[in-house]
Amino acid sequence: MAENLTEKANDILERAIYAAAEFQEFNQEQTNKVVEAVYRAALNARVKLAKMAVDETGIGIWEDKVWKNVIGTQLVYEDIRDQRTVGVINHDTVTGISEIAQPLGPIFAVTPVTNPTSTAIYKILICMKTRNPIIISAHRNAARSTGEAARICYEAALEAGAPEDCIQMIPAGSREFTQMVMAHPRVALILATGGTGLVKAAYSSGNPAIGVGPGNVPVFIDESADLPFAISSIIMSKTFDNGTVCASEQSVVVEEKIAPQIRDEFKRQNCYFLSPEEILKVQNIAVVKESMSMSPFIVGQSVETIAQKAGITVPKGTKILLAELKGVGKDYPLSVEILAPILAFYTAKDYHSAIKLCIDLNYLGGIGHSAGIYANDEHRIMEFSQLINAGRIVVNTPTSQGAVGGTFNMLSPSLTLGCGTGGKNITTENISVKHLINIQRVCRRKMNDRFFSIDKPKYLDENCSEADLRFEYHKNH
Amino acid sequence: MLDFDFNPEERLLTCIFKGRLDTVLCNQLSTELESKFTSLTKNDNPGALLDFGLAFDLKEVTYISSSFIRLCVTGKKRVKDGAFSILNTDPFIMKTFKIAGLDEILQVK
Chain A
1451 MAENLTEKAN DILERAIYAA AEFQEFNQEQ TNKVVEAVYR AALNARVKLA
1501 KMAVDETGIG IWEDKVWKNV IGTQLVYEDI RDQRTVGVIN HDTVTGISEI
1551 AQPLGPIFAV TPVTNPTSTA IYKILICMKT RNPIIISAHR NAARSTGEAA
1601 RICYEAALEA GAPEDCIQMI PAGSREFTQM VMAHPRVALI LATGGTGLVK
1651 AAYSSGNPAI GVGPGNVPVF IDESADLPFA ISSIIMSKTF DNGTVCASEQ
1701 SVVVEEKIAP QIRDEFKRQN CYFLSPEEIL KVQNIAVVKE SMSMSPFIVG
1751 QSVETIAQKA GITVPKGTKI LLAELKGVGK DYPLSVEILA PILAFYTAKD
1801 YHSAIKLCID LNYLGGIGHS AGIYANDEHR IMEFSQLINA GRIVVNTPTS
1851 QGAVGGTFNM LSPSLTLGCG TGGKNITTEN ISVKHLINIQ RVCRRKMNDR
1901 FFSIDKPKYL DENCSEADLR FEYHKNH
Chain B
2 MLDFDFNPEE RLLTCIFKGR LDTVLCNQLS TELESKFTSL TKNDNPGALL
52 DFGLAFDLKE VTYISSSFIR LCVTGKKRVK DGAFSILNTD PFIMKTFKIA
102 GLDEILQVK
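Protein chains in written order, with the working numbering: chain A, 1451 to 1927; chain B, 2 to 110.
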């Protein structure tokens, strides 16, 4: 059995490496042709793929999945279309340094159940643009829709002249096999988007990895904010695809003095505050207490379904369930990340207490991911941003759409959001083509006159102090 | 796109490729190679091991696809004692074999 799996893994990587070899011969024009073909085919299939994903996974809302597919195709394509990713991509006449882009080689891409087709298409596009073959490992509950997205892209890529096997899928369901491929010496990079376990496996594989895991996004509403606008924006974000975006709001933090107004505004906009008894019922079905992680059974479910599972009654048309919590951590299960329309609500006695609460929430499983602030006070925006450990702090913007980029701001549109070292990532950026190339630097001779003007024996003289050497170094400059 | 030069004394078949060896062309080349192998070997079984050496000359080749790399691997496996080599590659094509990790196995020169 293990031998068969090894053979299978070797075969997949052999195909990928041959594709990589052919791909590196492509010039920018050939590469762009492949990318454009994939983009066109995937965008044309956006509705079909969205419906398939919802049918298969039972997660989210198909109309919102369409928008995700649009982000993963059209917005990503428009962002990368004119970028140079082949050959000389930059030349600086002042420094004399030229930069040459080289592909990495086979990329092993893991895609999540929450955004299966959009993530697959986005990863395929950025891999094709960088001439890297991609091997996709789909979540077992989204294998059919992810496979269809990959098939559509692959056929379009081949038609445009891409190498055979430039896009491959591995069978879903076998953790052993996934880990075997992940650790294969011929994998150049792992691009993993998913849960904590998966990201940890990627980093433990021995291969370079960009693994992006969970968030726990706090949002602070400052007294200077436009409150009805802020609440409306949060609702739009948290209800988008039933809250499945990892950058969606998880907690709202406000100062006591504006809390009544905010409560009223949430209620006015059809959100429901759970009673203490209802909070207990919801947390029992929403969070696995032993692991303090969200239950997979409520991910991407509607308010009605969640209420039904919890055995509570909420007004018809309720958009979000709000849980007023007094603390953060294991005694407050709803303070963890929950990818569903459930939102924790905190009141703090003053501004600094509110910020400290946001930091606590940020460090409860979401370090480095994203955070949000609604304010019209630049000083507070910058203070909050410097205190929070998040790759993206989105201002007066829905966090789901804002962190993903391309719509509400000028961030690179991406379905894999770097979380920095806090999230065990090498970058806090939105992952895009620039992370999938090796940049070689051709460095022409440019003499450092200050260094060469120093009389070299002075360095060998123990009596020559740092001050002497500093003076010599800067003399006449 | 493909010429042959068989040296009976050395028992060496040199296959001289030309131009861009893309996927479509490689399918045709595969058929041509097979029919040449059949004409030179004493064993009538298709896919039988070859009792002569094989060299692919890429002097006039400007581009190779992954299908051609597969063709080379198949060629190497077909030769009875493994006497297979690839000759006259330009640096860009040499790099392609290098990336595929096959430059040593296929004796790319």
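Beta carbons are placed, not taken as given, at the ideal position from N, Cα and C, and that holds for glycine.
Look at residue i and residue j and say whether their C-beta atoms are less than 8 Å apart.
i: Leu1865/A; j: Val1854/A; result: yes
i: Asn1826/A; j: Val1844/A; result: no
i: Met1744/A; j: Val1695/A; result: no
i: Val1631/A; j: Ile1617/A; result: no
i: Asn1582/A; j: Leu1814/A; result: no
i: Ile1557/A; j: Cys1577/A; result: yes
i: Lys1515/A; j: Val1504/A; result: yes
i: His1885/A; j: Ile1660/A; result: yes
i: Gly1522/A; j: Thr1569/A; result: yes
i: Leu41/B; j: Leu13/B; result: no
i: Val1737/A; j: Leu1784/A; result: yes
i: Ala1500/A; j: Ile1602/A; result: no
i: Ile1831/A; j: Cys1808/A; result: no
i: Lys1731/A; j: Gly1761/A; result: yes
i: Thr1561/A; j: Lys1579/A; result: no
i: Thr1797/A; j: Glu1740/A; result: no
i: Thr90/B; j: Val74/B; result: no
i: Arg79/B; j: Tyr1468/A; result: no
Counting only C-beta atoms, is residue i closer than 8 Å to chain B at any point?
i: Asp1461/A; result: no
i: Pro1613/A; result: yes
i: Glu1506/A; result: no
i: Tyr1604/A; result: no
i: Glu1472/A; result: yes
So, helix, strand or coil for residue i, using DSSP?
i: His1802/A; result: helix
i: Glu1879/A; result: coil
i: His1541/A; result: strand
i: Val1484/A; result: helix
i: Val1504/A; result: helix
i: Thr1564/A; result: coil
i: Leu1531/A; result: At residue 1531/A the sequence reads Arg, which differs from the Leu that was named. Of the three classes helix, strand and coil, the one that applies to Arg1531/A here is coil, per DSSP.
i: Val1616/A; result: According to the sequence as given, residue 1616/A is Cys; it is not Val. Cys1616/A falls in the coil class under three-state DSSP.
i: Val1536/A; result: coil
i: Pro1664/A; result: coil
i: Gly1555/A; result: coil
i: Phe1723/A; result: strand
i: Asn1519/A; result: helix
i: Ala1627/A; result: Looking at the sequence shown, residue 1627/A is not Ala but Phe. It is helical.
i: Asn1657/A; result: coil
i: Ala1622/A; result: coil
Would you please verify whether the beta carbon of residue i is less than 8 Å from any beta carbon of chain A?
i: Gly48/B; result: no
i: Ile87/B; result: no
i: Phe38/B; result: no
i: Arg71/B; result: yes
i: Gly102/B; result: yes
i: Thr15/B; result: no
i: Thr75/B; result: no
i: Phe57/B; result: no
i: Ser31/B; result: no
i: Thr90/B; result: no
i: Phe18/B; result: no
i: Thr97/B; result: yes
i: Thr24/B; result: yes
i: Phe93/B; result: yes
Taking 7 Å as the cut-off, does the CB of residue i come closer than this to any heavy atom belonging to the ligand COA?
i: Asp1911/A; result: For the structure depicted, the ligand COA is absent and the ligand set is empty, with no information on it obtainable.
Quick test of the definition: if touching needs 3 or more C-beta pairs under 8 Å, does the stretch 1810–1823 of chain A touch the stretch 1837–1854 of chain A?
In this structure the stretch 1810–1823 of chain A touches the stretch 1837–1854 of chain A; the number of beta carbon pairs closer than 8 Å is three or more.
Considering only residues of the stretch 1730–1771 of chain A, which uninterrupted alpha helix (DSSP H) runs meet the minimum length of 4 residues and lie entirely inside it, listed in chain order?
1753–1760
Evaluate contact between the stretch 55–71 of chain B and the stretch 1602–1609 of chain A, counting only Cβ atoms and requiring at least three cross-stretch pairs below 8 Å.
In short, these stretches do not touch, since the Cβ pair count stays below three.
Quick one: any contact between the stretch 1546–1560 of chain A and the stretch 1530–1537 of chain A, if contact means 3 or more CB pairs under 8 Å?
Counting C-beta pairs closer than 8 Å gives three or more between the stretch 1546–1560 of chain A and the stretch 1530–1537 of chain A, which meets the contact rule.
Determine, using beta-carbon pairs with one atom in the stretch 1798–1807 of chain A and one in the stretch 1755–1770 of chain A, whether at least three such pairs fall under 8 Å.
no
In the stretch 1858–1913 of chain A, which residue ranges form an unbroken beta strand (DSSP E) of at least 3 residues, counting only runs that do not cross its ends?
1887–1893
For the stretch 1698–1715 of chain A against the stretch 1471–1483 of chain A, are there 3 or more C-beta pairs whose distance is under 8 Å?
no
Would the stretch 1645–1661 of chain A and the stretch 1676–1687 of chain A be scored as touching if the rule is three or more Cβ pairs under 8 Å?
no
Starting from the N-terminal side, write out each stretch of the beta strand (DSSP E) that is 3 residues or longer and does not extend beyond the stretch 1669–1711 of chain A.
Annotation note: the stretch 1669–1711 of chain A contains the following uninterrupted beta strand (DSSP E) runs of length 3 or greater, listed N- to C-terminal: 1699–1705.
Is the stretch 1667–1680 of chain A touching the stretch 1692–1706 of chain A, taking contact as three or more C-beta pairs under 8 Å?
Verdict: yes, contact present.
Within the chosen definition, does the stretch 1723–1730 of chain A reach the stretch 1886–1900 of chain A through at least 3 CB pairs nearer than 8 Å?
no
Closer than 8 Å is the cut-off here; do at least three beta carbon pairs connect the stretch 17–24 of chain B with the stretch 65–72 of chain B?
yes
So, does the stretch 1486–1494 of chain A touch the stretch 1456–1465 of chain A, judging by three or more C-beta pairs under 8 Å?
no
Three-pair Cβ contact test at 8 Å for the stretch 1735–1753 of chain A versus the stretch 1789–1797 of chain A
yes
For a minimum of 4 consecutive residues, which ranges assigned as the alpha helix (DSSP H) are wholly contained in the stretch 34–95 of chain B?
67–79
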